[in-house]
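Trainee: After the structure tokens below, expect a handful of questions from me.
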Amino acid sequence: MSKRFIGARQTTVAREIEVSGTGVHSGAPVSVVIHPAPADTGICFIVSKRGRIISQIEADVRAVRNLTLCTAIGDDRGVTVGTVEHLLSALRGLCVDNCFIEIDNKEVPIMDGSAAAFVDAIDEVGVRELATPRKFIKVLKPIRVQEGDCWGELTPHSSFHLDVEINFDSPVIGRQRMALDLSPGAFRQELCRARTFGFMRDVEMLWKSGLALGASLENTVAIGEDRVMNPEGLRYPQEFVRHKMLDAVGDLALAGAPLLASYRSVRGGHRLNATVLKSLFADADA
């Protein structure tokens, strides 16, 4: 693995962005303000409470604290921010390298279950180019992680390529596979509106565990025994694998810079994505 510079320059959001909503797991209201940041800042979450900053947490795989049904990052004092993956996916998908994300609760709002609201908000203010060249992380050799019948692999590539496959024992989903080269245009058109999904049979168990307390048909594709329960149906063909790809973009944004790699994932999720990324950084020759 090496860091190198390519012609493009680093970016930040052109001006402040405010977004409010509900945490999908906590069910609590939360507000997010995305601030412009100088070059080489990266993505940094600023956790505030009653107007007072209580923590600053870099969007870095070393800060991952929990991977149960979402990706949560935190500091050494136990302050965490959960469900960061959709916002990080929007930032990486639109090539935003630097920003401060001020948040007043413990979970990024779920919005409609996709990255669309974040993409729309960023597009409304625009992206500003900075003077400093963009840094990329170039993968030099294959890094593969296998966990039972799930596996993920990063291999060398000239850009960032994704190839994601899922396979659920459900006639509504079944086996789905999709591949694409990530770019802002491809992200907007192919991924950003794909929503998170869950099975109706799991709802009571999740609630008893204190999870999915903010989930609804407004922010989740609900899957019954043989059909999608949302009246409007699906937004895309193969929306389920597209959402898994959206999640992977956000999880791999925790590398701290854009990857020059191809990522192949089979039956993966947040935990596998993070494990592959940690394995990359653990191998000095990769």
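In numbering that gives the first Met the number 0, the protein residues as written are 0 to 285.
Positions of the beta carbon are idealized from the N, C-alpha and C atoms, including for glycine.
On a predicted model such as this, the values are computed, not experimentally measured, just so you know.
1. Less than 9 Å separating the beta-carbons of CYS98 and PRO35?
2. For SER264, count neighbouring C-beta atoms within 10 Å of its own C-beta (all shown protein chains included) and say buried if the count is 16 or more, exposed if not.
3. So which of LEU86, ILE72 and LEU87 has the shortest CA-CA distance to VAL80?
4. Under 6 Å Cβ to Cβ from MET228, same chain only, skipping five residues before and after it: list those, please.
5. Around the Cβ of ARG143, are there at least 16 other Cβ atoms within 10 angstroms (buried) or fewer (exposed)?
6. Which residue comes first and which comes last in the alpha helix (DSSP H) that contains ASP246?
7. In the structure shown, what three-state DSSP assignment does HIS24 receive?
8. Considering just the uninterrupted stretch of the alpha helix (DSSP H) at THR67, what are its terminal residues?
9. Could you compute how far the alpha carbon of PHE117 sits from the alpha carbon of LEU216?
10. Around the Cβ of ILE53, are there at least 16 other Cβ atoms within 10 angstroms (buried) or fewer (exposed)?
11. Along the beta strand (DSSP E) that carries SER305, what are the first and last residues, could you check?
12. Could you check whether ALA120 and LEU190 sit closer than 9 Å to each other, using their CB atoms as the reference points?
13. Can you name the start and end residues of the beta strand (DSSP E) that VAL220 belongs to?
14. Let me check understanding here. Comparing Cα to Cα, which of LEU129, PRO155 and ILE56 lies closest to ILE102?
Mentor: Straight from the coordinates:
1. At a Cβ-Cβ threshold of 9 Å, CYS98 and PRO35 count as neighbours.
2. SER264 sits buried, since 16 or more C-beta atoms from the chains shown fall within 10 Å of its C-beta.
3. Nearest Cα to VAL80 within the set LEU86, ILE72 and LEU87: ILE72.
4. Counting only Cβ-Cβ distances below 6 Å, and skipping sequence neighbours, we find ALA221.
5. With fewer than 16 other Cβ atoms from the protein chains shown falling within 10 Å of its own Cβ, ARG143 counts as exposed.
6. Note, ASP246: alpha helix (DSSP H), 238–251.
7. DSSP places HIS24 in coil when its eight states are reduced to three.
8. Note, THR67: premise wrong, no alpha helix (DSSP H); not H, not E.
9. The straight-line gap from Cα to Cα measures roughly 19 Å.
10. In the assembly as shown, ILE53 is an exposed residue. Its beta-carbon has fewer than 16 other beta-carbons within 10 Å.
11. Shown here, the chain extends from 0 to 285; a query on residue 305 therefore has no answer.
12. The answer is no: Cβ separation not under 9 Å.
13. Its beta strand (DSSP E) spans residues 220–222.
14. Measuring C-alpha to C-alpha distances from ILE102 to each of LEU129, PRO155 and ILE56 identifies ILE56 as the nearest.
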